[in-house]
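Number of protein chains: 2
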Amino acid sequence: MASAPGPSVGRIPVVAVMPSLEEGRWPAKAVVGEAMPIVATVFREGHDAVGATAVVTGPKGSPIVLPMTCVNKGLREYRALVTPRVEGDYTFRVEGWSDPVTTWEHVAATKLHAGQDVALVLADGIAVLERALTEVKRSASKRRTLTGALDALRAETDDPETRFARAMSKEVRAVLAETPLRDWVTASREYPLRVDRERALVSAWYEMFPRSEGAKYSAVKKRWKSGTFATASKRLPAIAKMGFDIVYLTPIHPIGTSFRKGRNNALESNPTDPGSPYAIGSPEGGHDAIHPDLGTMEDFRAFVASARRLGLEVALDLALQCSPDHPWVTEHPEWFTTKLDGSIAYAENPPKKYHDIYPLNFDNDPEGIYREIRRVLDVWMGAGVTAFRVDNPHTKPLTFWERLLADVRRDHPDVIFLSEAFTNPPMMHTLAKIGFHQSYTYFTWRQTAEELGAYLVELSDESSSFMRPNFWPTTHDILTPDMQDGGAPLFQARAVVAATGSPSWGIYSGYEFAECVARPGAEEQIDNEKYEFRPRPWAKANKRGIAPLLAQLNAIRRDHPALQRLRGLAIHRADNPAILCFSRHLDADESPTGLEDTIIVVASLDPSATQESIIHLNPLVLGLPDVKRVPVVDLLTGTELQWGPTCRVTLGPKTGMAYVAALQRNVTAGGARG
Amino acid sequence: MASAPGPSVGRIPVVAVMPSLEEGRWPAKAVVGEAMPIVATVFREGHDAVGATAVVTGPKGSPIVLPMTCVNKGLREYRALVTPRVEGDYTFRVEGWSDPVTTWEHVAATKLHAGQDVALVLADGIAVLERALTEVKRSASKRRTLTGALDALRAETDDPETRFARAMSKEVRAVLAETPLRDWVTASREYPLRVDRERALVSAWYEMFPRSEGAKYSAVKKRWKSGTFATASKRLPAIAKMGFDIVYLTPIHPIGTSFRKGRNNALESNPTDPGSPYAIGSPEGGHDAIHPDLGTMEDFRAFVASARRLGLEVALDLALQCSPDHPWVTEHPEWFTTKLDGSIAYAENPPKKYHDIYPLNFDNDPEGIYREIRRVLDVWMGAGVTAFRVDNPHTKPLTFWERLLADVRRDHPDVIFLSEAFTNPPMMHTLAKIGFHQSYTYFTWRQTAEELGAYLVELSDESSSFMRPNFWPTTHDILTPDMQDGGAPLFQARAVVAATGSPSWGIYSGYEFAECVARPGAEEQIDNEKYEFRPRPWAKANKRGIAPLLAQLNAIRRDHPALQRLRGLAIHRADNPAILCFSRHLDADESPTGLEDTIIVVASLDPSATQESIIHLNPLVLGLPDVKRVPVVDLLTGTELQWGPTCRVTLGPKTGMAYVAALQRNVTAGGARG
């Protein structure tokens, strides 16, 4: 009965269907088990009732039919939640329809109450319920329910209001709501929806330079011996124990020697400097090769296997640039830009020059470059890599990424791509829309509670259907001024906000030590691991309390579905601007456990002093049964707290920088647990 | 060179093209001479420069090519203004492209300044300007300008920076900006745009019941003699003199007698009651007929001709409902709803019943009803009617209106339809999108300065590409509580806000007398003209000052292009909540006169007392040359005023309820006119 979608308005107009990215050009995103809202505006002429249905067609072609609820009467907004159960490409549409049963019911209730047109009203009811019985397919037991309703309407010995009440019983309403009688069904166009595995949304990343792990300085030889995959794999149990899901390795390929950078980004290097792993390629190979110091492909596979055994996935860095020594430079000079003087163009940001890097020119031989990079990815996916952290995707054509991501997805739907594009919002958003599974964000630069609050709202709401944020308090490239000054307390606070503010977050190794000294004049660490070996004294890692905190945060994230979803975030007002307060709430029907879940996070962003604040919890968004009492357990300390809609918190480097408080629902009015 | 728009991202991404209604499903609206903004987000990978072009294709097929300006660098937002010169159906697209000349220019400026790669930079410049010269078609004189630029670059005796500066002279830049060298041109899809005659946007309506004009009571016969088209036409010169554009007549058709309503909506009527003209149809005819009391079709044509001679258009009421006596009821009972008892359904809003009205059931015979109504419209358009005020369009299927409006537009592109849908926003917006030229609005119910201000912003901004508001302070159906209490001062103030707040406004006759007594319990006038004759003593109309004010407002509207456009409105803060202050500003490039125009309206909404306020004029939106002085002339009194960014106003029933102040631009710093 659905009419074809067309350029014209339908009999029952359906407009403003969401999520729709760029007029339905790209699919909205969800993961398996994620409750995604489908929203549309459905209305009709006159006073008759309308209804709306969301029809979601999965990769196997079987449609899921979801009744939609009116969530804003004035604006005629209808909503359904779809929770996909398998990965793949879906479509959805919204059907608006005229609802003859409800139309009759409204008229009948009023008229029977007024004693008006009684016989006619009952006759109309019999006619419409007979239609509902005969025109819609139902099970025998449900047909019996409707037949009972018809019998009730026809029971002439009863008074009219009783006949009506019995006919429209709770059971009858349920049967009609499940499979309603629908007239003038008008379908929207089909909108695309892409469903990934849950890890695409929910993940904890741990970044490391494998060469640092197990690297040793020989005072005799006055040079370092590089760590290997074998020595690096010894670090994996600790990473797994902290609860991380993905180990991300900075580039593992041979490193060029031409114009190699020295320590602290010096233009000149010593022969013993290892060079930046981002200057990829040497006579020993390019993007498909392994740096000989790290080991062989077999060693890499063994590393991946060790990780797997610990429940860790391995992500590689995909940095599509070359050192002047990369094999491509001689084999495919056409993949680079040749200047008028015949030389190959190195990277420049005038007047700055980066002689150690040759950017690819994707326009010169798009097909050749594409095939080679696709082949390179196959090498690593073949070796067990299931995720890529893509370096600066915003400096390569988006057409390239769209093709590559679609292509990889066809053969390897489980492989996750994280976009490292710290750039303008349209570029970041479009990279997400064309297929990147996750995105680095501006989180690192949002420093005040006000900035963070506004950004959390943006990410959990307006961009939630296409951009999955991954929050990193620091990276090997970024150490913001507040972190330079903040020391361990701010490292603690920002880890809490990162781990709870987004379903995905990431930590760069060394965070455990609150490594916070910057190279003068730069917003990155001094003695940056990019240019030297940085083995760390892990035995002392617990000293600053950060390593246990990371473990605790990942454990809390696993226990609490509210922290595994992007939507459901709300900011609560704190009177003190140094304090950020937000909640994450999942209704039972959105939660994979089937239970409501609510977490309230309160964090101080001032690492230097104790801060007190009144916080004003908005009970509306917390799903609270009792709006006057907010009993919580602080999951960081195990302390039970009796908060209220207004309560006082004290946070600081001495007392603790944050609460991660779980709302206790099973508490009786008297305060004892039910 | 434009690539085909497709589902994939383009080489130079173009996203978020506006205006786009429901994913480009319906055309955006403009009128001839209206500067309409086209906006898009255009960006690319890396650091190279991009440009954007809007290409507008008119009804004659010749494209207008408009360079777009970057209006928000961070968000990569580009904008062009298109000012259509003829009516008809347009399309537009946005082309994003790589800009090799600007890319080179940025690099060259930096490198030459640093003395870096000088020879290469100049060689690159020669190469790119040669491309600009040979690959883009230009006039001989413009080619000479570019050849000159090349000569300058090649002038080896000059120093490099001089060669660069001479090559990129103002003239060269102008030539390149007009017809740039464009690489990787990537086109958006085509978006529809509908251009109507200017009256569709800019109009002043005057509503009258023609039977009242010249109606006379005979004390002897104890009954009224109806006014006629002939007597009503005597009122036209006064209406024209007040500056109105369109005379709108409530229904002129025969009126049913079954269940005719008496005075003040009484269920029983006296034989002498004329009945509501909205109870259309009697044995004397239906929607294609004229009430015999008013005259003949010839008389109607004469009325239209009189109006035309005075520069007035005639609008009819299109009220698609029938009295039980309408010929359709017997000729086409299938056009109505037949109840189970065999009777035809009258209008109901249970428990209320409207026995005097039969609604059409458009679903029973959509084709038959459509053809008949289309024929009825032809009758009236054939008689010279150029506008229709459509009664309650939201109670008829939108599919019907979309078809009818498209169909009429094909044959009569000049005919304007005004939608009277006081209902939910999705319905109002969708009626506008599917083809209604103008819409009644919530203006009547927005009573405080805050409510009015927010509504003015909404209408002039977010809905401005599809909904053209028509502001009515009262209608024959509506007399809001504030107007009932407000008397002449509020009638004055709301006339000012209506006339200046929207390019279209309308007045219901009798407004001149501030008729403000309501029928008890109703929000409409007592002794409502719908149910009786209401001749008015026009000789006394000037007494309350409203008739001259209406004339003055219409004259000001004609003189000031800023009041003839929807966009360009800004609210300015008034400290006193009883005071509304807004401005309308047109830049020179948006103004049909080619001159900037700025009007500042300050109105008090308190008819009972004098109100003072500080107003805070935002100089940014006024296009002020001198932000400290705001010299204006109050157009209502002719008074010159020296306002500033902060100034004090006093308004009230004694001193005047409003300023309509024109910004004086040609004033020298000393205060004297230039």
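Line by line, the protein sequences give chains C and V. Counted from 1, the first sequence has number 220 at position 220 by my numbering; the numbering is strictly sequential. Counted from 1, the second sequence has number 207 at position 207 by my numbering; the numbering is strictly sequential. Each residue gets a CB set at the ideal place from its N, CA and C atoms; glycine is no exception.
Under a Cβ-count criterion, where at least 16 other Cβ atoms within 10 Å of its own Cβ denotes burial, should residue i be classed as buried or exposed?
i: Val172 (chain C); result: buried
i: His253 (chain V); result: buried
i: Ala16 (chain C); result: buried
i: Tyr206 (chain C); result: buried
i: Tyr217 (chain V); result: exposed
i: Leu620 (chain C); result: exposed
i: His394 (chain V); result: buried
i: Ser465 (chain V); result: buried
i: Ala588 (chain V); result: exposed
i: His47 (chain C); result: exposed
i: Arg673 (chain C); result: Legend: pLDDT at Arg673 (chain C) = 36, less than 50; position of this residue unreliable, value from coordinates given subsequently. When all chains shown are included, Arg673 (chain C) counts as exposed.
Since residue i meets chain C, which of its residues come closer than 9 Å, beta carbon to beta carbon?
i: Pro351 (chain V); result: Thr110, Lys111, His113, Ala114 and Gln116
i: Arg11 (chain V); result: Asp363, Pro397, Leu398 and Thr399
i: Gly51 (chain V); result: Within 9 Å Cβ-Cβ: nothing; Gly51 (chain V) doesn't reach chain C, min ~16 Å.
i: Ala127 (chain V); result: Leu340
In chain order, what residues of the same chain have a beta carbon less than 6 Å from the beta carbon of residue i, not counting five sequence neighbours either side?
i: Leu318 (chain V); result: Phe388 and Val390
i: Arg648 (chain V); result: Ile614
i: Pro19 (chain V); result: Ala28 and Ser465
If you drop the 5 nearest sequence neighbours on each side, which residues of the same chain put their C-beta closer than 8 Å to that of residue i?
i: Gly311 (chain V); result: Ala240 and Asp245
i: Ala658 (chain C); result: Gln492, Ala493, Val496, Val497, Val601, Val602, Ala603, Ser604, Leu636 and Leu651
i: His661 (chain C); result: Residue identity differs from the one stated: residue 661 (chain C) is Ala in this sequence, not His. Contacts found: Ile599, Ile600, Val601, Val602, Val632, Val633, Asp634, Leu635, Leu641 and Trp643.
Could you tell me whether any Cβ in chain V is nearer than 8 Å to the Cβ of residue i?
i: Glu532 (chain C); result: no
i: Thr134 (chain C); result: no
i: Asp477 (chain C); result: no
i: Ala123 (chain C); result: yes
If we cut at 8 Å on Cβ distances, does residue i have a partner in chain C?
i: Pro19 (chain V); result: no
i: Pro27 (chain V); result: no
i: Phe43 (chain V); result: yes
i: Asp341 (chain V); result: yes
i: Leu75 (chain V); result: yes
i: Gly368 (chain V); result: no
i: Val457 (chain V); result: no
i: Ile434 (chain V); result: yes
i: Val107 (chain V); result: yes
Name the residue from the options whose alpha carbon lies nearest to the alpha carbon of residue i.
i: Ile507 (chain C); options: C:Val247, C:Arg25, C:His47 and C:Glu45; result: C:Val247
i: Pro645 (chain V); options: V:Pro631, V:Leu617 and V:Gly638; result: V:Leu617
i: Glu612 (chain C); options: C:Val632, C:Cys581, C:Gly243 and C:Arg410; result: C:Cys581
i: Ile38 (chain C); options: C:Val621, C:Gly656 and C:Val65; result: C:Val65
i: Ala333 (chain V); options: V:Asn349, V:His355, V:Phe362 and V:Leu294; result: For clarity, residue 333 (chain V) is Pro in the given sequence; the question names Ala instead. Measuring from the Cα of Pro333 (chain V), the nearest candidate turns out to be V:Phe362.
i: Thr83 (chain V); options: V:Asp461, V:Pro59, V:Glu34 and V:Thr386; result: V:Glu34
i: Thr675 (chain C); options: C:Ala454, C:Trp184 and C:Gly88; result: With chain C represented from 1 up to 674, any question about residue 675 (chain C) goes unanswered, as that position is not in the structure.
i: Thr296 (chain V); options: V:Trp380, V:Asp99 and V:Ser8; result: V:Trp380
i: Arg163 (chain V); options: V:Gly125, V:Val185 and V:Tyr531; result: V:Gly125
i: Gly342 (chain V); options: C:Trp505, C:Pro625 and C:Ala123; result: C:Ala123
Which chain V residues sit within Cβ distance under 7 Å of residue i?
i: Gly708 (chain C); result: Residue numbering for chain C in the displayed model covers 1 to 674; residue 708 (chain C) lies beyond these limits and cannot be assessed.
i: Leu120 (chain C); result: Lys339, Leu340 and Asp341
i: Thr430 (chain C); result: Val9, Pro13 and Val15
i: Val71 (chain C); result: Result: empty, since nearest Cβ-Cβ is about 14 Å, beyond 7 Å.
What does residue i reach in chain V if we use C-beta pairs closer than 8 Å?
i: Pro425 (chain C); result: Gly74 and Leu75
Give me, in chain order, the residues of the same chain whose beta-carbon lies closer than 7 Å to that of residue i; leave out the 5 immediate sequence neighbours on both sides.
i: Lys654 (chain C); result: Thr610
i: Asp414 (chain C); result: Arg197 and Thr386
i: Ile85 (chain V); result: A small fix is needed here, since residue 85 (chain V) is Arg in this sequence, not Ile. Val32, listed in sequence order.
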